[in-house]
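Residue numbers (my numbering), protein chains in the order written: chain A, 281 to 507; chain B, 235 to 498.
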C-alpha cells in the first residue's frame with residue numbers, strides 16, 4: 281500500500297501576492313531614499329552624472345537643508361528713495377526693514393504679520409539682487425569689451441521698461457506705493473528708486489572694538505521709475 | 235502663517251504681486267487666490283477632521299494637497315520647516331495613526347490588505363524619522379565646510395544679525411566668547427550625532443533633551459517659531475508605544491505615593 285502524505289503544502293496565492301507587494305514596496309522605499317541621498321549630497325561625480333534626472337526629482341521632492349551656511353555676515357538695508365520731479369529734487373529716504381524687524385521683536389509669538397512681510401520683502405530683495413547680478417554676468421560674457429556705462433544702461437532696462445519688470449520688483453514697487461500713501465507722498469510729483477546697502481557685521485575678533493568702522497556697500501540701485 | 239496672514243499673502247489688496255499665468259494642480263492660481271478664504275475654511279475643516287481621524291488616509295491626502303497649494307500660491311515665506319512639513323504630510327498619508335485618540339480605527343476587509351497597510355505605515359513612520367536624521371546630517375555636513383562654523387564663531391553672527399535678533403540679550407550672549415564657541419560646537423556635534431545615535435535607546439533621551447534645548451533657544455533668540463515647534467514635535471516618533479506606556483506607568487507610580495500621603 282502506498283502511503284499518501286496528507287500534509288502536502290499547498291501553494292498559497294495570498295501569501296505570494298503579499299510577498300510580491302512587499303518586495304515592490306521595499307524596492308520603492310530603497311530607491312526613494314537612495315535618490316534623496318544623492319540629491320541632498322554636495323556636488324560629486326555621481327550627482328553630476330545623474331544631473332539630467334534632477335529636474336524630475338526636484339519637481340516633487342525639492343529640499344535644501346543648509347541652514348545658516350554660511351551665517352549672515354552683513355546686515356541689509358533697503359532704502360526706497362522718493363525723488364521730487366520738480367526742480368528742487370528733494371529726496372525722501374525710507375528704510376523698509378528697520379520698522380518691520382522692530383515690530384517683529386515686540387510681539388514674538390503673535391508677529392506672523394510682520395514675519396510674513398519681512399519674509400516677502402527679504403525674499404523679493406534678494407531675488408531682485410540675484411536677477412541683477414545674473415543679468416550683469418550675461419552681459420559681461422556676451423559683450424566683454426563693452427563699457428560700464430553700457431552695462432548700466434542695459435540694467436536700467438530691467439527697471440524702466442515694464443515689460444522686463446520681474447515679480448519681485450513689482451512687489452517692492454507695490455510696497456513703495458503703500459509707503460508713499462502712508463506718508464502722503466504724491467506719486468505724480470515723485471519718482472522712486474530702490475537702493476540695497478549691506479553693512480558689515482563686526483568680525484568676531486573686533487566685537488568689542490569701538491573704533492571698528494563697518495564697511496558699507498551699495499549692492500544695487502535701480503533707475504528712478506514712477507511710483 | 236498661511237492662515238493668520240492670509241489676507242497679506244493672497245488677498246487682492248495686498249502689496250504682493252503674483253504671476254497670473256501659473257497653475258496649481260491644474261487650476262489657475264489667480265482663481266485660487268481670489269477664493270483664498272474658501273480654501274482656508276476647507277483647510278481648517280480638513281485639519282479638524284484629520285485631528286479626529288475622520289476620513290483617515292483620504293483626509294490626510296487632502297490636507298497634503300491643500301498645504302502644497304498654499305505653498306505654491308506663495309512660496310516666498312516658506313522656510314526649512316515648511317519644506318520638512320511637506321514631506322511629513324506626504325508620509326502621513328500612508329501612516330495608520332488612527333489606533334489611539336481617533337473616532338474609529340481602520341477596519342481592513344482582508345488580512346492581505348491589513349499586512350500591506352501595516353508595512354506601508356511602518357515604512358512611512360520610519361521615513362519621517364529618517365528624513366529628520368537626513369536634515370540634521372546634511373545641515374552638519376554643510377556647516378563643517380564653512381569657516382565660521384569650523385572655527386566656532388558662527389553663533390555670534392547669527393545672534394547678532396538684525397534679521398534674527400530676537401531679544402535684547404542676543405548681543406550680550408553673542409559677544410561672550412565661551413558661549414559662542416560652546417554653542418557653535420554643541421550645534422555641530424548634536425547634528426552629527428543625532429542621525430546615528432538616536433536609534434540607540436541609551437542615547438535617545440539625552441539627544442532629545444539636547445535637541446529640545448537647541449530648538450527652544452533658536453525659538454527665543456532668533457524668532458524662528460514654526461520651524462522649531464515642528465522639529466521638537468517629531469522627536470516623539472522615536473519612542474515606541476511600549477516606551478510611552480512604560481513612561482506613563484512610571485509617572486503614575488511616582489505620583490501614587492504622594493497622593494496617598496496627601497489623603498492620609
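Even for Gly, the Cβ is constructed at its ideal location relative to N, Cα and C.
Tell me the DSSP secondary structure of residue i in three-state form.
{"i": "residue 333 (chain B)", "result": "coil"}
{"i": "residue 505 (chain B)", "result": "Because chain B spans 235 through 498 in this model, residue 505 (chain B) falls outside it and cannot be assessed."}
{"i": "residue 418 (chain B)", "result": "helix"}
{"i": "residue 463 (chain A)", "result": "coil"}
{"i": "residue 342 (chain B)", "result": "coil"}
{"i": "residue 299 (chain B)", "result": "helix"}
{"i": "residue 262 (chain B)", "result": "strand"}
{"i": "residue 498 (chain A)", "result": "strand"}
{"i": "residue 283 (chain A)", "result": "Confidence at residue 283 (chain A) is low in this model, with a pLDDT of 46, below 50, so its placement is unreliable and the value that follows should be read with caution. Reduced to three states, the DSSP call for residue 283 (chain A) is coil."}
Provide the residue span of the beta strand (DSSP E) that contains residue i, from first to last.
{"i": "residue 364 (chain A)", "result": "354-364"}
{"i": "residue 371 (chain A)", "result": "371-375"}
{"i": "residue 470 (chain A)", "result": "470-480"}
Got a sec: is the Cβ-Cβ distance from residue i to anything in chain A below 7 angstroms?
{"i": "residue 413 (chain B)", "result": "no"}
{"i": "residue 303 (chain B)", "result": "no"}
{"i": "residue 388 (chain B)", "result": "yes"}
{"i": "residue 310 (chain B)", "result": "yes"}
{"i": "residue 314 (chain B)", "result": "yes"}
{"i": "residue 253 (chain B)", "result": "yes"}
{"i": "residue 488 (chain B)", "result": "no"}
{"i": "residue 346 (chain B)", "result": "yes"}
{"i": "residue 293 (chain B)", "result": "no"}
How far does the alpha helix (DSSP H) with residue i in it reach, from first residue to last?
{"i": "residue 305 (chain A)", "result": "293-320"}
{"i": "residue 334 (chain A)", "result": "334-341"}
{"i": "residue 503 (chain A)", "result": "Note, residue 503 (chain A): premise wrong, no alpha helix (DSSP H); not H, not E."}
{"i": "residue 387 (chain B)", "result": "Segment: none, residue 387 (chain B) is in no alpha helix (DSSP H) and carries neither H nor E."}
{"i": "residue 500 (chain B)", "result": "What the structure shows of chain B is the stretch from 235 to 498, and residue 500 (chain B) is not part of that stretch, so it cannot be assessed."}
{"i": "residue 491 (chain A)", "result": "Careful: residue 491 (chain A) lies outside any alpha helix (DSSP H) and carries neither H nor E."}
{"i": "residue 410 (chain A)", "result": "392-422"}
{"i": "residue 404 (chain B)", "result": "404-409"}
{"i": "residue 438 (chain B)", "result": "435-456"}
{"i": "residue 329 (chain A)", "result": "325-329"}
Since residue i and residue j should fall inside the 8 angstroms C-beta cutoff, what is the C-beta to C-beta distance between them, to a whole number of angstroms?
{"i": "residue 430 (chain B)", "j": "residue 320 (chain A)", "result": "So it is not a contact: roughly 16 angstroms between Cβ atoms."}
{"i": "residue 481 (chain A)", "j": "residue 391 (chain B)", "result": "6 angstroms"}
{"i": "residue 298 (chain A)", "j": "residue 350 (chain B)", "result": "7 angstroms"}
{"i": "residue 409 (chain B)", "j": "residue 487 (chain A)", "result": "5 angstroms"}
{"i": "residue 478 (chain A)", "j": "residue 507 (chain A)", "result": "No, residue 478 (chain A) and residue 507 (chain A) are not in contact; Cβ-Cβ is about 25 angstroms, not under 8 angstroms."}
{"i": "residue 314 (chain A)", "j": "residue 374 (chain A)", "result": "Contact doesn't hold; Cβ gap of about 51 angstroms is too wide."}
From this set, the options, which residue's C-alpha is nearest residue i's C-alpha?
{"i": "residue 310 (chain B)", "options": "A:478, A:312, A:451, A:378", "result": "A:451"}
{"i": "residue 475 (chain B)", "options": "B:275, B:331, B:290", "result": "B:331"}
{"i": "residue 454 (chain B)", "options": "A:491, A:460, A:490, A:385", "result": "A:385"}
{"i": "residue 327 (chain B)", "options": "B:359, B:312, B:245, B:345", "result": "B:359"}
{"i": "residue 436 (chain A)", "options": "A:411, A:455, A:294, A:459", "result": "A:411"}
{"i": "residue 362 (chain B)", "options": "B:441, B:470, B:459, B:449", "result": "B:470"}
{"i": "residue 415 (chain B)", "options": "A:382, A:318, A:429, A:484", "result": "A:484"}
{"i": "residue 465 (chain B)", "options": "B:456, B:241, B:487, B:450", "result": "B:450"}
{"i": "residue 419 (chain B)", "options": "B:296, B:290, B:406, B:444", "result": "B:444"}
Is there a Cβ of chain B sitting closer than 7 angstroms to that of residue i, yes or no?
{"i": "residue 430 (chain A)", "result": "no"}
{"i": "residue 410 (chain A)", "result": "no"}
{"i": "residue 301 (chain A)", "result": "yes"}
{"i": "residue 324 (chain A)", "result": "no"}
{"i": "residue 374 (chain A)", "result": "no"}
{"i": "residue 455 (chain A)", "result": "yes"}
{"i": "residue 480 (chain A)", "result": "no"}
{"i": "residue 288 (chain A)", "result": "In this predicted model, residue 288 (chain A) has a pLDDT of only 48, less than 50, meaning its place in the structure is not dependable enough to derive any value."}
Report yes if the C-beta of residue i is less than 6 angstroms from at least one heavy atom of the ligand NAD; otherwise report no.
{"i": "residue 489 (chain B)", "result": "Among the components modelled here there is no ligand, and therefore nothing to report on the ligand NAD."}
Does any C-beta atom of chain E lie closer than 7 angstroms to the C-beta of residue i?
{"i": "residue 396 (chain A)", "result": "Considering every chain present, this structure includes no chain E. Its protein chains are A and B."}
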